[in-house]
Amino acid sequence: MRFFIELAYNGKYYHGWQIQKGNSSSVEEKLEYCLSKLLKTSINVVGAGRTDTGVHAKQMFAHFDFEQQINKNLIHKLNIFLPNSIHVLNIFPVKKHIHARFHAIKRIYKYYLTCEKNPFFQDFSWFCYYPLDIKKMTQASKFLTKYKDFSFFCKKKNKTNNNICTIYYVNWFKYNNYLCFTIEANRFLRSMVRSIIGSLIDVGRKKSVSINL
Numbered sequence: 010m011r012f013f014i015e016l017a018y019n020g021k022y023y024h025g026w027q028i029q030k031g032n033s034s035s036v037e038e039k040l041e042y043c044l045s046k047l048l049k050t051s052i053n054v055v056g057a058g059r060t061d062t063g064v065h066a067k068q069m070f071a072h073f074d075f076e077q078q079i080n081k082n083l084i085h086k087l088n089i090f091l092p093n094s095i096h097v098l099n100i101f102p103v104k105k106h107i108h109a110r111f112h113a114i115k116r117i118y119k120y121y122l123t124c125e126k127n128p129f130f131q132d133f134s135w136f137c138y139y140p141l142d143i144k145k146m147t148q149a150s151k152f153l154t155k156y157k158d159f160s161f162f163c164k165k166k167n168k169t170n171n172n173i174c175t176i177y178y179v180n181w182f183k184y185n186n187y188l189c190f191t192i193e194a195n196r197f198l199r200s201m202v203r204s205i206i207g208s209l210i211d212v213g214r215k216k217s218v219s220i221n222l
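In this text, residue positions in the sequence shown follow the numbering used here: the first is 10, and each later residue adds one.
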C-alpha cells in the first residue's frame with residue numbers, strides 16, 4: 010500500500026530535504042528513521058521535491074510504501090518521536106501508482122524580506138538594508154513567465170533539458186515593512202529561487218544586471 014505524508018518543517022536545522030552524504034542532517038533522513046522505528050521495518054520516503062539548506066516548508070508532501078493498514082495513532086506517535094522542527098500534519102492512503110514527485114502539479118515558494126531588523130523573524134526573512142525600487146522589481150519579475158530555460162539560475166549547470174521549467178505566476182506583495190515574493194512553477198532547479206531573488210534585488214537596487222536565459 011502507498012501512503013502520502015503531509016508535513017511542515019523548520020529548515021534552519023537541516024541541510025535541505027534530501028539525505029546527504031556524511032553527517033549532514035536532513036528532513037528526509039529524520040522522517041525515514043522515525044517511520045522505520047515505529048513501523049518496525051525499513052521505510053523509504055520519496056519527497057515531492059527537494060529544498061535547499063535552511064529552506065522551510067509550510068506544506069510538503071512525500072510518500073512511502075507499507076504492506077499493512079496504518080494505525081490512526083501513528084501521526085501522534087510520529088510527532089512525539091520526530092524533532093520539534095518537523096511536524097506531520099496528515100497521513101493518508103493513495104493508489105499504488107501515485108507518486109509524490111512525478112504527479113505533483115505545481116510547487117510554490119515564498120521569500121520574505123524585511124526592511125527593519127527584527128530578531129524574532131530572522132529565521133524566516135532576510136533583513137534588507139538597501140533601499141529598493143519595488144516597481145522595477147515587479148516589472149522584472151514578469152519577464153520570468155516568458156522563458157523556459159533557467160540554466161543561468163541553476164547552481165549546478167546541466168546541458169540537458171533538465172533546466173527547463175514553466176513558471177505560472179510571480180508576484181511581489183508589500184505589507185508595512187515586509188516584502189513577500191511568491192513564485193509558482195511546475196518545478197524548480199537547485200538554488201534557482203535564491204538566484205532569482207538575488208537578481209531581482211540587484212534590479213531593485215538599480216544595479217546593472219545581465220542575464221542570458
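Even glycine gets a Cβ: it sits at the ideal position worked out from N, Cα and C.
Note down the Cα distance separating F136 from G20, rounded to an integer number of angstroms. 18 Å
Are at least three pairs of beta-carbons, each pair with one atom in the segment 188-199 and one in the segment 149-168, less than 8 Å apart? yes
Can you tell me which of E38, K216, S200 and F182 puts its alpha carbon nearest to the alpha carbon of Y22? E38
Grab me the residues of S34's own chain with a C-beta within less than 8 Å of its C-beta, minus the 5 sequence neighbours each way, in chain order. Y22, Y23 and H24
Closest to E76 by CA distance: which of K67, P102 and A57 is it? P102
Over what stretch of residues does the beta strand (DSSP E) that includes R199 continue unbroken? Looking at the DSSP string, R199 is not in any beta strand (DSSP E), and its letter there is neither H nor E.
What three-state label does DSSP hand H5 in the structure shown? No answer is possible for residue 5: the residues shown for the chain start at 10 and end at 222.
Helix, strand or coil for L222? Go by DSSP, reduced to three states. Any reading at L222 must be qualified, since the residue scores a pLDDT of 48, below 50, and its modelled position is unreliable; the value itself is stated next. Coil.
Do you know whose CA, among T147, C124, W26 and V55, lies nearest H180's CA? Checking the sequence, you will find Asn at residue 180 rather than His. Ranking T147, C124, W26 and V55 by Cα distance to N180 puts T147 first.
Select from L47, G58 and K49 the residue whose C-alpha is nearest the C-alpha of V36. G58
Give me whichever residues DSSP pairs with N180 in a beta bridge. T191
So, is T60 buried or exposed, given that buried needs 16 or more other C-beta atoms within 10 angstroms? buried
Cα-Cα separation between S160 and Q27, rounded to whole angstroms: 21 Å
Which residue from F73, L47 and M69 puts its Cα closest to that of R11? F73
Measure the CB-CB distance between I84 and L40 and report whether it falls below 8 Å. no
Could you name the residues that DSSP lists as bridge partners for L47? None; L47 has no bridge partner.
Compare the C-alpha of K215 against each of S51, A109, F182 and K144 and name the closest. K144
Could you check which residue in Y178, S134 and L209 has the C-alpha nearest to that of H65? S134
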